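Protein chains in written order, with the numbering used here: chain L, 4 to 182; chain Y, 1409 to 2037.
Using N, Cα and C, we set each Cβ at its ideal position, and we do this for glycine too.
Remember, predicted model here, so these are calculated numbers, not experimental data.
Below is one structure; the comments refer to it alone.
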Amino acid sequence: MLMKTDDDTLALAAAQGDAVAFATLIERQYDRLFRLCFRLTGSRAEAEDLTQDICAALPAKLRGFRAEASFTTWLYRLCVNAAHDRRRRAATHAKAASGWGAWEINRRAANEDTEEARDWLEQAMRALPSDLRDTLALVLDDVTHAQAGDILGVSEGTISWRISQAKKHLSALRKEDTA
Amino acid sequence: MTDDLNDLKKLLDQATPAPDPARRAENIALAQKNFADLQGSRDGPRLTSDRPQKGLTSGVRNMLNTLTSRAGLTASTAIVAVGLVFLSPLGDDILPRGAEVAFEPAALSDVAEQAPVSRKSVPQALEAAPAVQMEMVSGDVAVTAGTPAPSASMVVPDAPLEQLQPNAESFANADSNPVHVTTETPVSTFSIDVDTASYAFVRNALTNGQMPPQDAVRVEEMINYFPYDYPAPTDGAAFQPSVTLAQTPWNPDTQLLHIGIQGALPELADRPPLNLVFLIDTSGSMNQPNKLPLLKQSFRLMLGQLRPQDEVSIVTYAGSAGQVLAPTPASERGTILSALDALGAGGATAGQAGLQQAYATAAAMADEGEVSRVILATDGDFNVGLSDPQALKDYIADKRDSGTYLSVLGFGRGNLDDATMQALAQNGNGQAAYIDTLSEAQKVLVDQLSGALFPIADDVKIQVEFNPATVAEYRLIGYETRALKREDFNNDKVDAGDIGAGHQVTAIYEVTPTGSPAILNDDLRYSTGTTASDRTSDELAFLRMRYKAPGAADSTLIETPVSADITDTAGFASAIAGFGQLLRGSSYLGNWSFADAIALATETKGSDPFGYRAEAITLMRLAQSLSAQ
């Protein structure tokens, strides 16, 4: 029987400066992290960037890890917050950039091009309000409603309500699509 | 989950791409680099934490706190885009530290705090843009703020400002003892070692899912971690050696010579009053759950074992050394506990200043017939003053003659300096233990308190002379850091390890009998094989031990011949010896594996009242799994 040290123990060790523990941890969690980032952003390029942001900031953040929540929950929370942050920054950016130089306009045009290339699923996900999308991304990643509530800082009931809202949105979208 | 959601989940699972391997490797490397930088920079704030809080960094903090998003937006789109370039990965320390939940929706600070790294294309744009660079230096924390191109991203440069060691741990060890040919070097001399720190390291590493560094494994300390069933000394002797010979588990053609020493355990009621000086490291690095808080709990446990006539004093060392608790009788528990609880971590580590004060305090407390001991509790980082282990060693060796003993308790991981700990304890006539859990504190400070605190024999040296007629080759397992020169055995000036009340010490030799197929060294062509003994003794070896009564200047000699008959079967100690050698990557074990160690340990576990042996078997299983990866 192979014994594996659990993520929480590794994370605590890493929080105290154990480089090997950190290496093990990041190697183990990267794919999961990327998957969630993809679901939160709905685009591969965005997901790669978001994952990179998180990887860069993770060592500093990890110093505050005290195992009050499980590491996975903690990481998901970090991930969701980073995604929010990115969206908000993009919005601020868009606002600030209107009327800005040609460089910015070109950059945004390039973004719009890639947006058009996205398929139905990504569009469906993106059409959802961001809170519903976050909730859905977590729940579809096999996170329980209670855990998702914990990660997003809302009650379990709110999660269930959001899921039903998301379903309504999606079925409406599907009707539109098939109509 | 309804069908709709299931469908969606399926779709999503299909749509989720695998992460790009190149980006994956890049991102992981980035995370590790930032992690390593962060470890290096950890010493930085500690050195400057005594400085006034108002500084350049807090200036940045204030600026960011007062700057609202609206003000920022109207001021300049360039600032909105947060052209704050952190060349240091210390963003976390510089900016307002939120709770553990990062990325809280503060207008600007969170962007900086998150310190994301732009994609490869953006830095080029950044470089092209005119940037006003402003450098602020506080201690060795350097922050560079500028107003670069409108990008929401920040750049962490490839090269950190200073290249720092990712992990500051260092271990004392030497190459494994080689096989000696009896005709060439018939005599083996070493000092006993009652430390157990290495075992706790190994345990800590394995339970964290890593193989311990080979240098962290000192086999003798692993063997000596466990209590064995040795006969107790009789008629007032300080200790009782017991010698057995058993078949080697990993080699059918060799034998294990097992030397066990049991120290006398005087009646606790008879023990002399004790003066304890707790010398506690309160540097910033101690501020972690498994350091200062664990230390407080450990000492609280220990306090219950002291008697009213014992005295306790607490000296701390950080930016400045200071006496926190004047010598107080152990009966005043409340006073001692409140002094202990008031300890807080912060400041730099000035080990030596604290050490001087602790020794001065101990000297002031000493009375005729009392035992004085300084108990140094640290994460092993002496970065101010005498940081050279050799210089510290000399200082302690100097103080050793004053009659004050020194024990070293190591806490935490990350910058634990095992070499310094070993140097201190070995030269302070003391014991080094590594406390990683409260149960380890229980073992070291409560169950074995008397041993840790009351010496019964000083400078215990062991010399084994092997008989070339019966032994072709021999090898001492462990004790690499404790080797003595042959002539030092009889020199009472040469320091060696000490045995405390009830301590046990085990040393194991692997011996190859003459004529065994396991002999590694061929006979020499130009010198005759057995020159040494015409007295055709059938003894295996001759064991000599020297020790001094505590405080005495002259040593006593104990001598005993060792018979060549196999008297025992390989026991738990052999399993641990094998385990330790496996962890060190020893070349003498052939195909013997962790599985064999587990089998032998399980079979010879015997009664295990404290569960130490069961724990060792768990560690062996962990090591087996980890080494299979």
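{"Asked": "Proximal residues of chain L, C-beta to C-beta of Y:A1439 below 8 Å", "Found": "F25, I29, C58, A59, L61, P62"}
{"Asked": "Whole-angstrom distance between Y:R1883 and Y:S1691, CA atom to CA atom", "Found": "43 Å"}
{"Asked": "Where Y:V1872 falls: helix, strand or coil (DSSP)", "Found": "strand"}
{"Asked": "Sub-9 Å separation of Y:S1606 and Y:A1624 beta-carbons", "Found": "yes"}
{"Asked": "Residues within the region 153–175 of chain L neighbouring chain Y, beta-carbon criterion of under 9 Å", "Found": "G156, I166, A169, K170, L173, S174"}
{"Asked": "Identity of the residues DSSP links to Y:H2043 by a beta bridge", "Found": "As displayed, chain Y neither begins before 1409 nor continues past 2037, which places residue 2043 of chain Y out of reach and without an answer."}
{"Asked": "Same chain, Cβ closer than 8 Å to Y:E1947, neighbours up to 5 away in sequence not counted", "Found": "N1875, T1878, P1969, V1970, S1971, A1972"}
{"Asked": "Inter-stretch contact (C-beta, 8 Å, three-pair minimum) for the region 1945–1963 of chain Y and the region 1924–1933 of chain Y", "Found": "no"}
{"Asked": "Helix, strand or coil at Y:F2018 according to DSSP, with G and I counted as helix", "Found": "coil"}
{"Asked": "Cβ neighbour criterion (16 or more within 10 Å) applied to Y:G2014", "Found": "exposed"}
{"Asked": "Inter-stretch contact (C-beta, 8 Å, three-pair minimum) for the region 1583–1591 of chain Y and the region 1610–1617 of chain Y", "Found": "no"}
{"Asked": "Beta bridge counterpart(s) of Y:K1956 as assigned by DSSP", "Found": "Y:D1866"}
{"Asked": "Which of helix, strand or coil DSSP assigns to Y:R1375", "Found": "Residue 1375 of chain Y is absent from the structure shown; chain Y starts at 1409 and stops at 2037."}
{"Asked": "Candidates Y:I1783, Y:I1916, Y:E1434: closest to Y:G1979 by CA position", "Found": "Y:I1916"}
{"Asked": "Contacting residues, own chain, Cβ-Cβ under 8 Å from Y:V2091 (five flanking each side not counted)", "Found": "Past the boundaries of the shown model lies residue 2091 of chain Y; chain Y is included only from 1409 to 2037, so the question cannot be answered."}
{"Asked": "Residues of the region 31–58 of chain L with Cβ closer than 7 Å to any Cβ of chain Y, in chain order", "Found": "Y33, D34, F37, R38, F41, R42, R47, E51, D52, T54, Q55, D56, C58"}
{"Asked": "Any C-beta of chain Y under 9 Å from that of L:R136", "Found": "no"}
{"Asked": "Listed by chain order, chain Y residues near L:A149 by CB distance under 7 Å", "Found": "Near L:A149 there are no residues of chain Y at all, since even the closest Cβ is about 15 Å away, more than 7 Å."}
{"Asked": "Sub-9 Å separation of Y:V1602 and Y:V1913 beta-carbons", "Found": "yes"}
{"Asked": "Sub-9 Å separation of Y:I1984 and Y:F1634 beta-carbons", "Found": "yes"}
{"Asked": "Partners in chain L for Y:G1798, counting only beta-carbon separations shorter than 7 Å", "Found": "One point to set straight first is that residue 1798 of chain Y is Gln, not Gly, in the sequence displayed. Those do not exist, as Y:Q1798 stays about 26 Å from chain L at its closest Cβ, beyond 7 Å."}
{"Asked": "Listed by chain order, chain C residues near L:T8 by CB distance under 7 Å", "Found": "Annotation note: the requested chain C is absent from the structure, which comprises protein chains L and Y."}
{"Asked": "Cα-Cα separation between Y:F1895 and Y:A2007, rounded to whole angstroms", "Found": "Residue identity check: residue 1895 of chain Y is Glu in the sequence provided, not Phe. Taking the straight line joining both Cα atoms gives about 41 Å."}
{"Asked": "Buried versus exposed call for L:D145 [16 or more other C-beta atoms within 10 Å across all chains shown]", "Found": "exposed"}
{"Asked": "Y:Q1696 in three-state terms, based on DSSP", "Found": "coil"}
{"Asked": "CB of Y:L1665 within 9 Å of CB of Y:V1868, strictly", "Found": "no"}
{"Asked": "Contact set between L:A130 and chain Y, taken where Cβ atoms lie within less than 9 Å", "Found": "Those do not exist, as L:A130 stays about 13 Å from chain Y at its closest Cβ, beyond 9 Å."}
{"Asked": "Residue span of the beta strand (DSSP E) that contains Y:N1612, given as start and end", "Found": "Counting along the chain, Y:N1612 falls outside any beta strand (DSSP E), though it belongs to the alpha helix (DSSP H) covering 1605–1615."}
{"Asked": "Given Y:S1990 as reference, the closest of Y:L1763, Y:K1699, Y:A2036 once Cα atoms are compared", "Found": "First, the amino acid is wrong: residue 1990 of chain Y is Leu here, not Ser. Cα-wise, what sits closest to Y:L1990 is Y:A2036."}
{"Asked": "For Y:Q1648, the nearest candidate out of Y:T1656, Y:I1669, Y:Q1655 (CA to CA)", "Found": "Y:I1669"}
{"Asked": "Which of helix, strand or coil DSSP assigns to Y:S1945", "Found": "coil"}
{"Asked": "Within 9 Å, strictly: CB atoms of Y:S1599 and Y:I1966", "Found": "no"}
{"Asked": "Nearest-angstrom Cβ-Cβ length linking L:A18 and L:L65, presumed shorter than 8 Å", "Found": "5 Å"}
{"Asked": "Three-state class that DSSP yields for Y:Y2041 in the structure shown", "Found": "Residue 2041 of chain Y is absent from the structure shown; chain Y starts at 1409 and stops at 2037."}
{"Asked": "Helix, strand or coil at Y:Y1633 [DSSP, three-state]", "Found": "coil"}
{"Asked": "Whole runs of the alpha helix (DSSP H) within the region 6–39 of chain L, excluding any shorter than 4 residues", "Found": "10–18"}
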